[in-house]
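Shown next, in C-alpha cells, is the structure this report addresses.
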Amino acid sequence: MKMQMIKLLFVLMSGALFIGMPPAYATDIKIATIAPSQSTWMVEMREAGTIIRERTDGRVNLKFYGGGVQGASSKVMQKIKIGQLHGGMFAPSDFTKQYSDMNLYGLPFVFESWEEMRYVREQMDADLAAGFDQHNFVTFGFVGSFSLMLSNEPVRNQSDMRGKKIWLPEGDLITFQALKALNLSPVSLPVTDVLTGLQTGLLDMAAIPPEIAVALQWHTRVRYFTDMPVLYAMSFLAIDKRTINKLSADDQAVLTEVLVETFARMDARAPTESQNATEALVNVGIKKIIPDEGELDKLLVTMSETNLGLAKNGLLPLALFETMQGHISDFRNGGPQTEFGALSGN
Numbered sequence: 040m041k042m043q044m045i046k047l048l049f050v051l052m053s054g055a056l057f058i059g060m061p062p063a064y065a066t067d068i069k070i071a072t073i074a075p076s077q078s079t080w081m082v083e084m085r086e087a088g089t090i091i092r093e094r095t096d097g098r099v100n101l102k103f104y105g106g107g108v109q110g111a112s113s114k115v116m117q118k119i120k121i122g123q124l125h126g127g128m129f130a131p132s133d134f135t136k137q138y139s140d141m142n143l144y145g146l147p148f149v150f151e152s153w154e155e156m157r158y159v160r161e162q163m164d165a166d167l168a169a170g171f172d173q174h175n176f177v178t179f180g181f182v183g184s185f186s187l188m189l190s191n192e193p194v195r196n197q198s199d200m201r202g203k204k205i206w207l208p209e210g211d212l213i214t215f216q217a218l219k220a221l222n223l224s225p226v227s228l229p230v231t232d233v234l235t236g237l238q239t240g241l242l243d244m245a246a247i248p249p250e251i252a253v254a255l256q257w258h259t260r261v262r263y264f265t266d267m268p269v270l271y272a273m274s275f276l277a278i279d280k281r282t283i284n285k286l287s288a289d290d291q292a293v294l295t296e297v298l299v300e301t302f303a304r305m306d307a308r309a310p311t312e313s314q315n316a317t318e319a320l321v322n323v324g325i326k327k328i329i330p331d332e333g334e335l336d337k338l339l340v341t342m343s344e345t346n347l348g349l350a351k352n353g354l355l356p357l358a359l360f361e362t363m364q365g366h367i368s369d370f371r372n373g374g375p376q377t378e379f380g381a382l383s384g385n
C-alpha cells in the first residue's frame, strides 16, 4: 500500500511539472517589423498571435520584433534566408527585384479614391497574393492606405515639387523613375533613417500614409502636408514557406484563418484611421495645403504616360499594368465615386 502511494505521488508531481509548459515540438515563428511596439499593427498582431497559440495548444508561437530592431528590410530578408528570422512586415518595394508585380498599386498618381482602389483590389488581390508562392513566401492579405505629401514648404502643384529631395524606399527602382518624371530628386533611404533625413535636411519631403507618419513620428519634422492622394502604400506580412511547411495541416489552417481575418480587419479600418490621423496632423499644428484646382487631374495624366513607359521598358509587367488600367477605366465609367478630400476632412 505504501509503495502504491509513493507511485501515485510521483505521477502527480511529474504531471505538475509539465502543466503550462509548451509542447516539445512547438514552432516559434520570428517576425520583424518597423512598427513601434505600441502601434495598432503590433497590438493587432500580438492578439492574433495569442489566438493562434491558444487554438494550436501552444504548438505555434508568433514572436514579434518591433521598432526596426532587426534592421532595414534588406537585412530582414537576409536573416530570413539563413533562418534567423522567419517572416517580416514588408512593402511592395522590398520585393521589387524578385516580384515587381506588387509595385503596380503603388505607382504615383494612379488612383483617385478609396472606392476606386477597393474596386481594383477586388479584381486583382488574389492573383497578386498567389504570386508569392513562386518566391517561397506566404502572405495573408494586404493593408493599404493613401500617402500624403509631407514637406517643409507648401506643395500646391508640380512646380512646387521641382528639384525637391524626396524620400525613396530603399531599392525601389520603379518609383525612382516615376519620381524623376515629376522633376523630383529621389533620395534612397531605409525607412528607419527617414526621420533623421527630415531632421537634418537630407530630405525636403516624404510621401507616406498619415497614420504611419504619426506612428513613426515623421510629422514632428515637417510643417505642411498636401491633401492629395500621392500614391497607394501597402504593407503585408510574408512568412518563409519553409517555416509554414513545418506545421501540420491543421495548424497551417489555424494560422492562415486568424491572420487573414486580422489583415482584413485592419485593411477595412484603413480609411477611418487615415482620416483620424490626418485630423491629428492638423491638431498638432501641421498646416494642410489644398492643391491647385485641377492639379490632381494633370498629375494623373502625366503619370499615366510615365507609368505606361515603365511597363513597356520592362520595369513592370505590361499585361498586368494594362489589366489594372482596364479596371480603373471600368470603375470611372460606371461606378459611384467619392472624392478623396471628403475622406480626409476636407
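Note that this note's numbering has the sequence shown beginning at 40, numbered continuously upward. The beta carbon of each residue, even a glycine, is placed where N, CA and C say it ideally should be.
**Q.** Assigned exposure category for residue 368 - 16 Cβ within 10 Å defines buried
**A.** Here residue 368 corresponds to residue number 329 of the sequence shown, with the count starting at 1. With fewer than 16 Cβ atoms within 10 Å of its Cβ, residue 368 is classed as exposed.
Q) For residue 64, does the three-state DSSP call read helix, strand or coil? A) For the purposes of this step, residue 64 is taken as residue 25 along the sequence shown, with counting starting at 1. Looking at residue 64 - three-state DSSP - the assignment turns out to be coil, as it is neither helix nor strand.
Q) Between residue 167 and the rest of its own chain, which residues show a CB-CB distance below 7 Å, the 5 nearest in sequence each way excluded? A) As a first step, residue 167 is located in the sequence shown; it is residue number 128 there, counting from the start. Excluding residues within five positions, the ones whose Cβ falls inside 7 Å are 140 and 141.
Q. Using a Cβ-Cβ cut-off of 7 Å (strictly less than) and excluding sequence neighbours within five positions of residue 325, which residues of its own chain qualify?
A. Along the sequence shown, read from residue 1 onward, the residue named residue 325 stands at position 286. Same-chain partners within the cutoff: 258, 261, 262, 263 and 264.
(Q) Given this structure, state the Cα-to-Cα distance separating residue 180 from residue 290, to the nearest angstrom. (A) Counted from its first residue, the sequence shown places residue 180 at position 141. Counted from its first residue, the sequence shown places residue 290 at position 251. Roughly 18 Å separates the two Cα atoms.
Q: Please specify which runs of the alpha helix (DSSP H), each continuous and at least 4 residues long, are wholly inside the region 219-282, giving them in chain order.
A: 233-239 and 249-254
(Q) Determine whether the beta carbon atoms of residue 207 and residue 267 lie at a separation below 9 Å. (A) As a first step, residue 207 is located in the sequence shown; it is residue number 168 there, counting from the start. As a first step, residue 267 is located in the sequence shown; it is residue number 228 there, counting from the start. Contact: no.
Q | Rounded separation between residue 135 and residue 288 - CA only | A | Taking the sequence shown and counting its residues from 1, one reaches residue 135 at position 96. Taking the sequence shown and counting its residues from 1, one reaches residue 288 at position 249. Residue 135 and residue 288: Cα-Cα distance of roughly 31 Å.
**Q.** Whole-angstrom distance between residue 233 and residue 270, CA atom to CA atom
**A.** As a working mapping, residue 270 is identified with position 231 in the sequence shown. As a working mapping, residue 233 is identified with position 194 in the sequence shown. Near 18 Å, if we compare the C-alpha coordinates of residue 233 and residue 270.
Q. Cα-Cα, which of 114, 64, 86 and 98 is closest to residue 73?
A. Here residue 73 refers to the residue found at position 34 when the sequence shown is read from its first residue. Of the candidates 114, 64, 86 and 98, the one whose C-alpha sits nearest the C-alpha of residue 73 is 114.
Q | residue 245 to residue 65 span [Cα, whole Å] | A | Within the sequence shown, residue 245 is the residue found at index 206, counting from 1. Within the sequence shown, residue 65 is the residue found at index 26, counting from 1. Rounded to the nearest angstrom, the two C-alpha atoms are 42 Å apart.
Q. When you compare each of 343, 307, 221 and 276 to residue 295 by their alpha carbons, which one comes out closest?
A. The sequence position of residue 295 within the sequence shown is 256, counting from 1. Comparing Cα positions, the closest option is 276.
**Q.** Every unbroken beta strand (DSSP E) within the region 93-130, with a cutoff of 3 residues, ordered by chain
**A.** 99-104 and 126-129
Q. Residue 213 bridges to which residues according to DSSP?
A. Indexing the sequence shown from 1 puts residue 213 at position 174. None; residue 213 has no bridge partner.
Q | Straight-line Cα distance separating residue 172 from residue 229 | A | Numbered from 1 along the sequence shown, position 190 holds the residue referred to as residue 229. Numbered from 1 along the sequence shown, position 133 holds the residue referred to as residue 172. Distance between the alpha carbons of residue 229 and residue 172 is about 26 Å.
Q. Could you check where the alpha helix (DSSP H) with residue 351 kicks off and where it finishes?
A. Against the sequence shown, residue 351 aligns to sequence position 312. 334-351 is the span of the alpha helix (DSSP H), which, as asked, contains residue 351.
Q. Between the Cα of residue 373 and the Cα atoms of 154, 138 and 132, which residue gives the shortest distance?
A. Taking the first residue of the sequence shown as 1, we reach residue 373 at position 334. Minimum Cα distance to residue 373 is reached at 154.
(Q) Assuming residue 389 and residue 146 are in contact, meaning their beta carbons sit under 8 Å apart, how far apart are those beta carbons, in whole angstroms? (A) Limits of the chain in this structure are 40 at one end and 385 at the other, which puts residue 389 out of reach.
Q. By the 10 Å Cβ neighbour count, where 16 or more other Cβ atoms means buried, how is residue 160 classified, buried or exposed?
A. By one-based count along the sequence shown, residue 160 stands at place 121. Result: buried.
Q: Give the straight-line distance between the Cα atoms of residue 117 and residue 316, rounded to the nearest whole angstrom.
A: As a working mapping, residue 117 is identified with position 78 in the sequence shown. As a working mapping, residue 316 is identified with position 277 in the sequence shown. Their Cα atoms are separated by approximately 33 Å.
Q.
For the pair the region 218-228 and the region 249-257, tell me if three or more CB-CB distances fall below 8 Å.
A. no
Q) Is DSSP giving residue 370 helix, strand or coil here? A) To locate residue 370, count along the sequence shown from 1; it is residue 331. Note: residue 370 maps to helix in three-state DSSP.
Q. For residue 313, is the classification buried or exposed, using 16 other Cβ atoms within 10 angstroms of its Cβ as the cut-off for buried?
A. The sequence position of residue 313 within the sequence shown is 274, counting from 1. Here residue 313 is buried, its C-beta having at least 16 other C-beta atoms within 10 Å.
Q) What do you get for residue 306, buried or exposed, if any count of 16 or more other CB atoms within 10 angstroms of its CB means buried? A) Translated into positions along the sequence shown, residue 306 becomes position 267. That one is buried.
Q | 8 Å Cβ shell around residue 280 - same chain, five flanking residues per side excluded | A | Walking along the sequence shown from the start, residue 280 turns up at place 241. 172, 175, 176 and 177, listed in sequence order.
Q) Are the Cβ atoms of residue 349 and residue 213 separated by less than 9 Å? A) Along the sequence shown, one-based indexing puts residue 349 at 310. Along the sequence shown, one-based indexing puts residue 213 at 174. Result yes, Cβ atoms of residue 349 and residue 213 sit closer than 9 Å.
Q.
Tell me the residue span of the beta strand (DSSP E) that contains residue 301.
A. In the sequence shown, counting from the first residue as 1, residue 301 sits at position 262. Unbroken run through residue 301 is the alpha helix (DSSP H), 288-322; no beta strand (DSSP E).
Q: Below 8 Å on the Cβ atoms is my guess for residue 309 versus residue 183; work out the distance and round it to an integer in Å.
A: Working through the sequence shown from its first residue, we reach residue 309 at position 270. Working through the sequence shown from its first residue, we reach residue 183 at position 144. So it is a contact: roughly 6 Å between Cβ atoms.
Q.
Quick check on DSSP: helix, strand or coil for residue 198?
A. Taking the first residue of the sequence shown as position 1, residue 198 is located at position 159. Note: residue 198 maps to helix in three-state DSSP.
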